[in-house]
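Colleague: Those letters in the sequence shown? Residues 1 to 143, by the UniProt record's numbering. Starting off with a structure, shown below.
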Amino acid sequence: MTVRVSRTFEFDAPPADVWAFISDAEQRAGAISVVDSFEIHDDRTATWHVALPIPMIRSTIDVETEEVERDAPNRVKFVGKSRAFRVTGEHVITETEDGGCRLANEFVVDGNLPGVESFFKRNFDAELDNLEDALRASLASPA
């Protein structure tokens with residue numbers, strides 16, 4: 001079973017400000033509650049140490065992430081691979097007529113262990129809330 005979730009956020013901020021957050025692997029990882037810690041290797045790769053509260057997994061899972069597409073300042077797509085699951089995330093920014101922007105997010109998770117997909121199915125909305133909250137907080141803080 002594959003879990004797919006999409007959600008769009010609207011911001012009164014310029015697209016460049018949203019891009020500054022969403023194109024930063026550290027900020028993306030930091031917004032997700034199940035990411036226990038992470039290591040940035042270079043501008044395109046990182047390792048996320050993910051703690052999933054499911055019976056089959058007793059420790060964190062190393063998820064090797066890589067940006068596979070980047071069209072600054074409009075789109076970034078990444079793939080994360082681990083023994084437990086594969087995740088693809090894509091963020092697309094479009095400017096709105098009022099000078100703000102829209103951020104379309106899509107995530108797809110394919111689980112390799114029992115319980116992974118059901119965990120993400122139950123928790124994806126909350127994780128997207130976390131991402132939106134972190135982005136809004138970033139936009140509200142002075143540069």
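C-beta: ideal position from N, C-alpha, C; glycine also.
1) Please report the residue range of the alpha helix (DSSP H) in which Val34 lies.
2) Quick one: what does DSSP say Asn74 is sitting in, helix, strand or coil?
3) Exposed or buried, which one is Asp17 when buried takes at least 16 other CB atoms within 10 Å?
4) If you check the beta carbons only, do Phe11 and Leu131 fall under 8 Å apart?
5) Measuring straight from C-alpha to C-alpha, what distance separates Ile32 and Val3?
6) What first and last residue would you give for the beta strand (DSSP E) that runs through Arg4?
7) Count the other CB atoms, across all protein chains shown, that sit within 10 Å of the CB of His41; report buried if there are 16 or more and exposed otherwise.
8) For Asn123, which of helix, strand or coil comes out of DSSP?
9) Output the distance between the C-alpha atoms of Gln27 and Thr65, rounded to the nearest integer angstrom.
10) Does the pairing of the stretch 108 to 115 with the stretch 40 to 58 give three or more beta-carbon distances under 8 Å?
11) Let me confirm a value: residue 147 is counted as buried when at least 16 other C-beta atoms fall within 10 Å, else exposed. Which label applies?
12) With DSSP collapsed to three states, give me the class of Asp129.
13) Could you check how far apart the C-beta atoms of Ala72 and Ser23 are, in whole angstroms? I think they sit under 8 Å.
14) Please report how far the alpha carbon of His91 lies from the alpha carbon of Lys77, in whole angstroms.
Modeller: Let me lay it out:
1) Taking the first residue of the sequence shown as 1, we reach residue 34 at position 34. No alpha helix (DSSP H) contains Val34, which DSSP labels as neither H nor E.
2) As a working mapping, residue 74 is identified with position 74 in the sequence shown. Coil.
3) Here residue 17 refers to the residue found at position 17 when the sequence shown is read from its first residue. Under this definition Asp17 is a buried residue.
4) Taking the sequence shown and counting its residues from 1, the one referred to as residue 11 is at position 11. Taking the sequence shown and counting its residues from 1, the one referred to as residue 131 is at position 131. No, these two residues do not count as a Cβ contact at 8 Å.
5) Along the sequence shown, one-based indexing puts residue 32 at 32. Along the sequence shown, one-based indexing puts residue 3 at 3. Distance between the alpha carbons of Ile32 and Val3: 17 Å.
6) Translated into positions along the sequence shown, residue 4 becomes position 4. Where Arg4 is concerned, the enclosing beta strand (DSSP E) stretches over Thr2 to Phe11.
7) Residue mapping note: residue 41 aligns to position 41 of the sequence shown, counting from 1. It counts as exposed.
8) Looking up residue 123 in the sequence shown gives position 123. It is helical.
9) Here residue 27 is taken as the residue at index 27 of the sequence shown, counted from 1. Here residue 65 is taken as the residue at index 65 of the sequence shown, counted from 1. Here the alpha carbons of Thr65 and Gln27 stand approximately 14 Å from one another.
10) yes
11) The question about residue 147 has no answer here: the residues shown for the chain are numbered 1 through 143.
12) Here residue 129 refers to the residue found at position 129 of the sequence shown. In the structure shown, Asp129 sits in a helix (DSSP, three-state: H, G or I).
13) Taking the sequence shown and counting its residues from 1, the one referred to as residue 72 is at position 72. Taking the sequence shown and counting its residues from 1, the one referred to as residue 23 is at position 23. Their Cβ separation, rounded to whole angstroms, is 7 Å, which keeps Ala72 and Ser23 in contact under 8 Å.
14) Position 91 of the sequence shown, counting from 1, holds the residue named residue 91. Position 77 of the sequence shown, counting from 1, holds the residue named residue 77. Looking at the two C-alpha atoms, the distance is approximately 6 Å.
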